[in-house]
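Q: Below you will find the structure I want to go over with you.
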Amino acid sequence: MRIAYVFFGAFLAIAQSAYAEVASPPVLAPLKRQAQAAELSAQFLSRYSYKSVPLDDALSARIMDGFIKSLDPDRMLFLQADVDRFMSDRSEIDDAIERKDLKIPFAIFNAYEQRVVDRMNYARSLLKQNFDFSAQENYSVLRDKEPWPQSEAESNELWRKRVKSDWLRLKLGGKTDAAIRETLDKRYENTLERVYKFKSDDVFQSFMDAYATSIDPHTDYFGAAASADFNVSMKLSLFGIGAVLQERDDYTTIRELVPGGPAQLSGKLAVGDRITGVGQGKDGAIKEVVGTRLDEVVQMIRGKKGSVVRLDILPADAGADGTHRVISLVRDKISLDKQAARKTVLSVKVGESTRKIGIITLPVFYEDFEAKRKGDEDYKSASRDVAKLLDELKEEKVDSVLIDLRNNGGGSLDEAIDLTGLFIGNGPVVQQRGSDGKVEVRSSELAAPVWTGSMGVLINRGSASASEIFAAAIQDYGRGVIVGEPSFGKGTVQTVVDLDQIVRNSKPEYGELKVTIAQFFRVNGGTTQLRGVTPDISLPGLSDPTSFGETSYDNALPWAEIKPAKYAPADTVTTLLPTLQSRHDVRIKSDPDFQRLLKDIADLKAQREKGVISLNEAERRKEAAAREKRFKDRAEAGDGEDLGDDGLEAGERSLSADIAIENARKNAKDVLLDEAAAILADEADLQQGVLKAATKQTGNTNGK
Numbered sequence: 012m013r014i015a016y017v018f019f020g021a022f023l024a025i026a027q028s029a030y031a032e033v034a035s036p037p038v039l040a041p042l043k044r045q046a047q048a049a050e051l052s053a054q055f056l057s058r059y060s061y062k063s064v065p066l067d068d069a070l071s072a073r074i075m076d077g078f079i080k081s082l083d084p085d086r087m088l089f090l091q092a093d094v095d096r097f098m099s100d101r102s103e104i105d106d107a108i109e110r111k112d113l114k115i116p117f118a119i120f121n122a123y124e125q126r127v128v129d130r131m132n133y134a135r136s137l138l139k140q141n142f143d144f145s146a147q148e149n150y151s152v153l154r155d156k157e158p159w160p161q162s163e164a165e166s167n168e169l170w171r172k173r174v175k176s177d178w179l180r181l182k183l184g185g186k187t188d189a190a191i192r193e194t195l196d197k198r199y200e201n202t203l204e205r206v207y208k209f210k211s212d213d214v215f216q217s218f219m220d221a222y223a224t225s226i227d228p229h230t231d232y233f234g235a236a237a238s239a240d241f242n243v244s245m246k247l248s249l250f251g252i253g254a255v256l257q258e259r260d261d262y263t264t265i266r267e268l269v270p271g272g273p274a275q276l277s278g279k280l281a282v283g284d285r286i287t288g289v290g291q292g293k294d295g296a297i298k299e300v301v302g303t304r305l306d307e308v309v310q311m312i313r314g315k316k317g318s319v320v321r322l323d324i325l326p327a328d329a330g331a332d333g334t335h336r337v338i339s340l341v342r343d344k345i346s347l348d349k350q351a352a353r354k355t356v357l358s359v360k361v362g363e364s365t366r367k368i369g370i371i372t373l374p375v376f377y378e379d380f381e382a383k384r385k386g387d388e389d390y391k392s393a394s395r396d397v398a399k400l401l402d403e404l405k406e407e408k409v410d411s412v413l414i415d416l417r418n419n420g421g422g423s424l425d426e427a428i429d430l431t432g433l434f435i436g437n438g439p440v441v442q443q444r445g446s447d448g449k450v451e452v453r454s455s456e457l458a459a460p461v462w463t464g465s466m467g468v469l470i471n472r473g474s475a476s477a478s479e480i481f482a483a484a485i486q487d488y489g490r491g492v493i494v495g496e497p498s499f500g501k502g503t504v505q506t507v508v509d510l511d512q513i514v515r516n517s518k519p520e521y522g523e524l525k526v527t528i529a530q531f532f533r534v535n536g537g538t539t540q541l542r543g544v545t546p547d548i549s550l551p552g553l554s555d556p557t558s559f560g561e562t563s564y565d566n567a568l569p570w571a572e573i574k575p576a577k578y579a580p581a582d583t584v585t586t587l588l589p590t591l592q593s594r595h596d597v598r599i600k601s602d603p604d605f606q607r608l609l610k611d612i613a614d615l616k617a618q619r620e621k622g623v624i625s626l627n628e629a630e631r632r633k634e635a636a637a638r639e640k641r642f643k644d645r646a647e648a649g650d651g652e653d654l655g656d657d658g659l660e661a662g663e664r665s666l667s668a669d670i671a672i673e674n675a676r677k678n679a680k681d682v683l684l685d686e687a688a689a690i691l692a693d694e695a696d697l698q699q700g701v702l703k704a705a706t707k708q709t710g711n712t713n714g715k
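Mapping the sequence shown onto the working numbering, position 339 (from 1) lands on 350, and the numbers just tick up by one.
Below is the structure:
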């Protein structure tokens, strides 16, 4: 029997396949507050964005394209007929938002849910057969620009190859056929289960993401949950029990205990314990949470400082029918120190001497805006934490300081300015141009730098926004050497707008907008927009610049230039660059670790450009053997161990195995960091030589 589901708005009818044995997912519908939030967002974005983009048919089409792409980026779910039906409403979204009608995106999402159910059900049905791995077949892993399947038969063929590819990976990882069937069946079942947990807020968040990024790549919409997570990421703190949670087989599982948090101090919880119920207060009823979405469980556990939360715990070593225990914990402030600035010291040989290089790693430019606004003298701040670390490195008598900003996506603009001040003292750091064309010069007001010695900055493609402001200022002042890859290329400034405050709404309903309000420029007049910061000494990177970075967005702002600010650059680093480059070139040629990294990057690039993988077992085993030999040679050279590819995804291994792999990756040799430290050691050595020569020259002059 074939059952048709009709969704108003896109008028999409999808027939459920005969082999389906699961219920259809719930049909989600928009809420009144969501339609109001969309219309309110449209009013604000149309008027106040840095790049004025009216909500018209052209933008409507971009929103539709972005929304569909977000749901089916690899074009594996929808059929071409589905997309054709969606496109009949491609120019109607603007009118629908203005009349507070969100039927179109919800109809598309409901169709998406049904397609996921249909495809996962089909994938599970394929597990009953045995695949022929002697055939010469390829599977395309890059389908974002491929056409959607024209028919169900074509879609079935795509998914046959997808399942065959999943099976072969597990087989090459040493799994038996029985284990592979069990693993893949559970994997596809988990995907199915997630579909049934979607709520209307998920649909609305996805749609508003598509709308916001259609304005420009860095405009965002935050619903209640996304807003809370953003605030936590900037404060680096929250009120809770201090446990990192993970969803595993329908259980909310303890993955890590935060040192000093209530959970760790209580001694009542261990890694691997499963939370099966949550109760509020000393005597509140405990609500079962098995099968509940992880984000919902997290919200139930978080709460006000000093309040009590009760957890029903199934111990890590207990079976499903094991004995539970109920524990009570008092919520407290939890500091997320893993995202805070941290330091280490590396000793690097330069000729006959050894240089001590202080490494400060900064994952994000964090600042507790609320605490600062309230006048809290101890508010969390990236620049204040780095200042303390610099004082500690002075005590340790390091020769140079390297600021590691790899994969630092930005954060507070004020923190970028203050961090620059730690190295330049008082002076302009960045220029900011608003939508009215007026330019404001933002300066550090620090009377004197905290660190006056040799320094440098390590960046990669993931270094964006505030990271680029800092790196660009250090480069323009000639204050330090910039090492790494060209950065992301985000040269715009955003502010967060609370929509409920705008309409004086007493309760949070409408969410927040992160809106682009300005473009920033370097003190030399150029911008990092599109081009990013070009390092003084380049290091290789693993990222693909065509798919990651500002240049990958088709609606990014263009590069521009304004008048330079008044600043006093030094030429110290500039004069050293030729020697630093030549020493770097000589060193990496004889560094086996660096050469192996170059080989890995070349292999990755070749695979990326190839875009397909073989489904022939003999070919894949030959590739695996070559890879294993390469890693065996590395292990014999003392360069870590081969983690291999067991074909499993996150959560499919035991928790202890997952943690072991994670720790092995963290502890792996950081070839790029080591080379950056060597460059900084050279810089310190050369600067000391220049200083000695200048001192000697001064002495000779004075003696005449």
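The C-beta atom is built at its ideal place from N, Cα and C for all residues, glycine as well.
Every value quoted in this text rests on a predicted model; they were computed, and no experiment measured them.
1) Can you grab the Cα-Cα spacing for the pair A48 / Y521, in whole Å?
2) Let me confirm a value: P6 is counted as buried when at least 16 other C-beta atoms fall within 10 Å, else exposed. Which label applies?
3) May I ask you to list the residues that DSSP assigns as paired with F532?
4) CA-CA distance, A46 and A92?
5) Ignore the nearest five residues each way along the sequence and tell me which others in E50's own chain have a CB closer than 7 Å to its CB.
6) Since D227 and T527 should fall inside the 8 Å C-beta cutoff, what is the C-beta to C-beta distance between them, to a whole number of angstroms?
7) What first and last residue would you give for the beta strand (DSSP E) that runs through N566?
8) According to the neighbour-count rule (16 or more other Cβ atoms, all chains shown, within 10 Å of its Cβ), is P41 buried or exposed?
9) V359 lies in the beta strand (DSSP E); which residues open and close that run?
10) What's the C-alpha gap between V597 and I690?
11) Could you give the distance in angstroms between the alpha-carbon of K279 and the alpha-carbon of T303?
12) Is it true that the CB of G290 sits closer than 8 Å to the CB of I265?
13) Excluding the 5 residues preceding and the 5 following A695 in the sequence, name in chain order all residues of the same chain whose CB lies nearer than 6 Å to its CB.
14) Can you give me the Cβ contacts of A237 inside the same chain, cut-off strictly under 6 Å, excluding the 5 residues immediately before and after it?
15) Among R73, K182, V356, K246, whose alpha-carbon lies nearest the alpha-carbon of A629?
16) How is Y30 classed by DSSP in three states: helix, strand or coil?
17) When DSSP builds the beta bridges, which residues end up paired with M466?
18) Relative to the C-alpha of I368, which candidate in L357, E103, V361 has its C-alpha closest?
19) Within the same chain, show all residues whose beta-carbon is closer than 7 Å to that of P116, passing over the 5 residues directly before and after it, in chain order.
20) Which same chain residues end up closer than 8 Å to E663 when comparing Cβ atoms and leaving out the 5 residues on each side of it in sequence?
21) Between K525, V206, A571, which has its C-alpha nearest D129's C-alpha?
22) Should the stretch 584-597 be called in touch with the stretch 504-515, which here means at least 3 C-beta pairs below 8 Å?
23) Check whether the stretch 562-575 touches the stretch 466-479, taking contact to mean three or more Cβ pairs, one atom from each stretch, closer than 8 Å.
24) Could you give the residue range of the beta strand (DSSP E) that holds N149?
25) Please say whether V534 and P460 have beta carbons closer to each other than 8 Å?
26) What are the partner residues of K344, as DSSP defines its beta bridges?
27) Which residues in the same chain as E258 place their Cβ atom closer than 6 Å to its Cβ, once the five residues preceding and following it in sequence are excluded?
28) Could you give the first and the last residue of the continuous alpha helix (DSSP H) run that contains D212?
29) Just confirm the distance between the C-beta atoms of L588 and L697, as a whole number of angstroms; I'd bet it's less than 8 Å.
30) Return yes when at least one heavy atom of the ligand COA lies under 7 Å from the C-beta of A122, else no.
31) Excluding the 5 residues flanking E620 on each side, which residues of the same chain have their C-beta closer than 6 Å to its C-beta?
32) Keeping to the same chain, check which residues put their C-beta closer than 7 Å to that of I599; ignore five residues upstream and five downstream.
33) Determine, using beta-carbon pairs with one atom in the stretch 385-401 and one in the stretch 438-452, whether at least three such pairs fall under 8 Å.
34) Between Q310 and the rest of its own chain, which residues show a CB-CB distance below 6 Å, the 5 nearest in sequence each way excluded?
35) Any contact between the stretch 542-560 and the stretch 481-497? By contact I mean 3 or more CB pairs, one from each, below 8 Å.
36) Count the C-beta pairs between the stretch 131-148 and the stretch 171-191 that are closer than 8 Å, then say yes if the count reaches three, no if not.
A: Looking at the coordinates:
1) Rounded to whole angstroms, A48 to Y521 spans 5 Å at the Cα level.
2) Because the chain here runs from 12 to 715, residue 6 falls outside it and cannot be looked at.
3) DSSP, once it has assigned bridges, lists Q442 as partnering F532.
4) Spanning the two alpha carbons is a distance of roughly 28 Å.
5) Here the set comprises I108, E109, K111.
6) Yes, D227 and T527 are in contact; Cβ-Cβ is about 5 Å, under 8 Å.
7) The continuous stretches of beta strand (DSSP E) do not include N566, and DSSP gives it neither H nor E.
8) P41 should be labelled buried.
9) Where V359 is concerned, the enclosing beta strand (DSSP E) stretches over 353-361.
10) Roughly 12 Å separates the two Cα atoms.
11) Rounded to the nearest angstrom, the gap between the Cα atoms of K279 and T303 is 23 Å.
12) Between I265 and G290, the CB-CB gap reaches or exceeds 8 Å.
13) Excluding the 5 residues flanking it on each side, A695 has same chain C-beta neighbours closer than 6 Å at R366, D410, S411, S465, in chain order.
14) Excluding residues within five positions, none has a Cβ falling inside 6 Å.
15) In terms of CA proximity to A629, K182 leads the group R73, K182, V356, K246.
16) With a pLDDT of 39 at Y30, under the threshold of 50, the predicted position of this residue should be treated as unreliable, though the coordinate-derived value follows. In the three-state reduction of the DSSP assignment, Y30 falls in the coil class, being assigned neither a helical nor a strand state.
17) DSSP lists V412 as partners of M466.
18) Comparing Cα-Cα distances from I368 to each of L357, E103, V361, the minimum goes to L357.
19) So the list reads F78, V214, F218, once near-sequence residues are dropped.
20) Excluding sequence neighbours, E663 sits near T194, K197, R198.
21) Selected option, being the one with the closest Cα: V206.
22) Inter-segment contact for the stretch 584-597 and the stretch 504-515 is absent: fewer than three beta-carbon pairs are separated by less than 8 Å.
23) Fewer than three Cβ pairs drawn from the stretch 562-575 and the stretch 466-479 lie within less than 8 Å of each other, which leaves the two stretches out of contact.
24) Note, N149: beta strand (DSSP E), 149-151.
25) Cβ atoms of P460 and V534: not closer than 8 Å.
26) Within the DSSP bridge table, the entry for K344 names F250 as partners.
27) L305.
28) Counted as a single uninterrupted DSSP element, the alpha helix (DSSP H) harbouring D212 occupies residues 211-226.
29) Not really, about 10 Å apart at Cβ, beyond 8 Å.
30) Among the components modelled here there is no ligand, and therefore nothing to report on the ligand COA.
31) Excluding positions up to five away in sequence, the list is empty.
32) Excluding residues within five positions, the ones whose Cβ falls inside 7 Å are F605, E686.
33) Flag = no, the stretch 385-401 and the stretch 438-452 do not touch.
34) Hits under 6 Å: none found.
35) Under the three-pair Cβ rule at 8 Å, the stretch 542-560 counts as touching the stretch 481-497.
36) As far as the Cβ criterion goes, the stretch 131-148 touches the stretch 171-191, which means the pair count is three or higher.
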